[in-house]
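Residue numbers (this note's numbering): 62 to 526. By construction, the Cβ of each residue, glycine as well, lies at the ideal position given by its N, Cα and C atoms. Each remark here refers to the structure printed beneath this line.
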């Protein structure tokens, strides 16, 4: 390069956290870096690269920093100007990549505290020390932040970080959102009444509510939302992680009671609650519920000879969907209209929260048993027996929780003036939940000429629970 040619410089400025959004730190960096460029006669080849509210220690790629490196690689830049080393990087791995780039291109790194001579061992050592110090500051700051966050959550306060929780106007949960909060509350009520996550997603989308990322709802995002303990006023540290920890009761206004939230978690974690094959929403009342009288298998809907039928996957046993569904609906509606209706008194007052806590304790105990055996504190027979005992109790608790959840599905129907009418007018997934809780439907084979013969109610066996 000719000595009379001005060096081509590019300014890079970064701020990790901009709480007020005023970019004051970025502005100060730019002012000082531009003054340095003027003093040394650098020609700025492009507008300064600015990254506001961007961490240099996270695993996420920085678009501005990536742009900076691309300009250096393409030979557009002779000088990188930054306020300090830690504005460029706080990770040793990034620094090593920058050192390699300097060696390959001859670019110079200049900061307000002095030039970084990355072409010499001493200069590289100095840069590595500065980067290590910056990394240590990040880790120390992170440890202090974790302690502050845990103290805040334990005091019942919501943390301001992360995305806004749908249903509240801000990240501190200081005020209920006027349109979102009622939809979230209704979503819990619909779930415990038997509504599917897909059905809830459809209603939320139709109401114009979007996810925290601005997208449309689906069954997975609905499930993620309804497992958020904040909606029940539960203060949890790291609520979106596997190692979440309940810290206490939140000071914000909950959207549902703890009992409703616990019941919703039972429903959402029930392994028997599965979507239909292929991920499609159920369209027929008894699909996946009706039982084949000959093999005991579950019957599913299929198209045969232009007719929609329930078909046994093992045997050539088919029954028309419309005839079966209409009959079951009529019989169940009549059953609900009987004086007294289904008897739920036997299992009233189930403490679902206590059962779920016991379930978690049993799981933890089962995980410890192999370690106790390896340490010689248990014999192999004791470990095997202990595991079997824990699993048996877990199965019993799961059954009790599922039964409690089933009662919630019946609750809104039984509370109606005309339970039979409420059942017939309920959404399909609510009808399916009620039928599943009340009765087992077994379908028997019809004789020849199935399509021409009149419907025979005696070919359908209903076993009331």
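Discussion item. Quick check on residue 291: buried or exposed, where buried means 16 or more other Cβ atoms within 10 Å of its Cβ?
Written reply: Position 230 of the chain shown holds residue 291. Residue 291 comes out buried.
Practice prompt. Identify, in the order they occur along the chain, each residue of the same chain with its Cβ nearer than 8 angstroms to the Cβ of residue 270, setting aside the five sequence neighbours on each side.
Written response: Within the chain shown, residue 270 is the residue found at index 209, counting from 1. So the list reads 227, 240, 241, 244 and 278, once near-sequence residues are dropped.
Worksheet entry | Where the beta strand (DSSP E) through residue 362 begins and ends | Working through the chain shown from its first residue, we reach residue 362 at position 301. Residues 361-365.
Discussion item. If distances are taken between C-alpha atoms only, which option among 109, 498 and 165 comes closest to residue 526?
Written reply: Here residue 526 is taken as the residue at index 465 of the chain shown, counted from 1. Minimum Cα-Cα distance from residue 526 among the listed residues 109, 498 and 165 corresponds to 498.
Worksheet item: Around the C-beta of residue 147, are 16 or more other C-beta atoms found within 10 angstroms, so that it is buried, or is it exposed?
Response: Taking the first residue of the chain shown as 1, we reach residue 147 at position 86. In this structure residue 147 is buried. Its beta-carbon is surrounded by 16 or more other beta-carbon atoms within 10 angstroms.
Fill in: For residue 183, the three-state DSSP class (helix, strand or coil)
By one-based count along the chain shown, residue 183 stands at place 122. The answer is helix: DSSP assigns residue 183 an H, G or I state.
Worksheet entry | Segment limits, beta strand (DSSP E) that includes residue 74 | Taking the chain shown and counting its residues from 1, one reaches residue 74 at position 13. Per DSSP, the unbroken beta strand (DSSP E) holding residue 74 starts and ends at 69-75.
Fill in: Per-residue DSSP class, three states only, for residue 347
Translated into positions along the chain shown, residue 347 becomes position 286. Secondary structure at residue 347: coil, using DSSP grouped into helix, strand and coil.
Worksheet item: Should residue 186 be labelled buried (16 or more other beta-carbon atoms within 10 Å of its own) or exposed?
Response: Within the chain shown, numbered from 1, the residue matching residue 186 stands at position 125. Classification of residue 186: exposed, given that the 10 Å Cβ count is below 16.
Worksheet item: Alpha carbon to alpha carbon, how far is residue 248 from residue 374?
Response: As a position in the chain shown, residue 248 is number 187, starting the count at 1. As a position in the chain shown, residue 374 is number 313, starting the count at 1. Rounded to the nearest angstrom, the two C-alpha atoms are 35 angstroms apart.
Discussion item. Am I right that residue 483 and residue 496 are in contact with their C-beta atoms under 8 angstroms? What's the rounded C-beta distance?
Written reply: Mapped onto the chain shown, residue 483 falls at position 422. Mapped onto the chain shown, residue 496 falls at position 435. Not confirmed; about 14 angstroms, so no contact.
Item to complete: Identify, in the order they occur along the chain, each residue of the same chain with its Cβ nearer than 8 angstroms to the Cβ of residue 284, setting aside the five sequence neighbours on each side.
Response: As a position in the chain shown, residue 284 is number 223, starting the count at 1. Cβ neighbours of residue 284 beyond the five flanking positions: 258 and 329.
Practice prompt. Taking only the alpha-carbon atoms, compute the straight-line gap between residue 435 and residue 266 and give it to the nearest angstrom.
Written response: On the chain shown, position 374 is the one that residue 435 refers to. On the chain shown, position 205 is the one that residue 266 refers to. Distance between the alpha carbons of residue 435 and residue 266: 53 angstroms.
Worksheet item: Roughly how many whole angstroms lie between the Cα atoms of residue 316 and residue 237?
Response: Translated into positions along the chain shown, residue 316 becomes position 255. Translated into positions along the chain shown, residue 237 becomes position 176. Cα to Cα, residue 316 sits roughly 9 angstroms from residue 237.
Item to complete: Count the CB pairs spanning the stretch 353-360 and the stretch 478-492 that are closer than 8 angstroms, and state whether there are at least three.
Response: The stretch 353-360 vs the stretch 478-492: no contact.
Worksheet item: Counting Cβ pairs, one atom from each stretch, are 3 or more of them under 8 angstroms apart for the stretch 442-460 and the stretch 415-434?
Response: Counting C-beta pairs with one atom in each stretch, the stretch 442-460 and the stretch 415-434 have three or more that are closer than 8 angstroms, which means they touch.
Discussion item. Quick check: the Cα distance between residue 275 and residue 268, rounded to an integer number of angstroms?
Written reply: Start at 1 with the first residue of the chain shown, and residue 275 comes out as number 214. Start at 1 with the first residue of the chain shown, and residue 268 comes out as number 207. Approximately 14 angstroms, taken between the alpha carbons.
Item to complete: Could you tell me the distance, in whole angstroms, from the CA atom of residue 142 to the CA atom of residue 121?
Response: Taking the first residue of the chain shown as position 1, residue 142 is located at position 81. Taking the first residue of the chain shown as position 1, residue 121 is located at position 60. Here the C-alpha atom of residue 142 lies approximately 23 angstroms from the C-alpha atom of residue 121.
Worksheet item: Taking the C-alpha atoms as reference points, what is the distance between residue 98 and residue 231?
Response: Position 37 of the chain shown, counted from the first residue, corresponds to residue 98. Position 170 of the chain shown, counted from the first residue, corresponds to residue 231. One C-alpha to the other measures close to 42 angstroms.
Worksheet item: Who pairs with residue 160 in a beta bridge, going by DSSP?
Response: In the chain shown, counting from the first residue as 1, residue 160 sits at position 99. Partner(s): none; residue 160 has no beta bridge.
Discussion item. Pop quiz: residue 181 and residue 139 are said to be a contact at Cβ under 8 angstroms. What is the actual Cβ separation, rounded to whole angstroms?
Written reply: Mapped onto the chain shown, residue 181 falls at position 120. Mapped onto the chain shown, residue 139 falls at position 78. That pair is no contact at about 18 angstroms.
Fill in: Length of the line joining the Cα atoms of residue 102 and residue 136
Position 41 of the chain shown, counting from 1, holds the residue named residue 102. Position 75 of the chain shown, counting from 1, holds the residue named residue 136. Rounded to the nearest angstrom, the two C-alpha atoms are 19 angstroms apart.
Fill in: Residue closest to residue 131, alpha-carbon to alpha-carbon, out of 173, 110, 345 and 289
The sequence position of residue 131 within the chain shown is 70, counting from 1. Cα-wise, what sits closest to residue 131 is 110.
Fill in: residue 95 to residue 318 span [Cα, whole Å]
Residue 95 sits at position 34 when you count from the first residue of the chain shown. Residue 318 sits at position 257 when you count from the first residue of the chain shown. Note on geometry: alpha-carbon atoms of residue 95 and residue 318 lie some 57 angstroms from one another.
Fill in: Which listed residue (422, 438 and 503) has its alpha carbon closest to that of residue 371
If you number the chain shown from 1, residue 371 lands on position 310. Taking only the C-alpha atoms, the option nearest residue 371 is 503.
Worksheet entry | beta-carbon residue 278 near the ligand NAP non-hydrogen atom, thresh 8 angstroms | Because no ligand of any kind appears in the structure shown, any question about the ligand NAP cannot be addressed here.
Fill in: Length-filtered (3 minimum) beta strand (DSSP E) runs lying within the stretch 470-507
As summarised for the stretch 470-507, the continuous beta strand (DSSP E) elements at least 3 residues long and confined to that stretch are 500-504, given in chain order.
Practice prompt. Can you tell me which of 293, 325 and 320 puts its alpha carbon nearest to the alpha carbon of residue 310?
Written response: The count along the chain shown starts at 1 and reaches residue 310 at position 249. For residue 310, the nearest C-alpha among the options comes from 293.
Practice prompt. Classify residue 378 as helix, strand or coil using the three-state DSSP reduction.
Written response: Here the question's residue 378 lines up with position 317 in the chain shown. When DSSP states are grouped into helix, strand and coil, residue 378 belongs to the coil group.
Discussion item. Can you look up residue 445 in the DSSP assignment and give me helix, strand or coil?
Written reply: Locating residue 445 in the chain shown gives position 384, where the first residue counts as 1. The DSSP-derived three-state label of residue 445 is helix.
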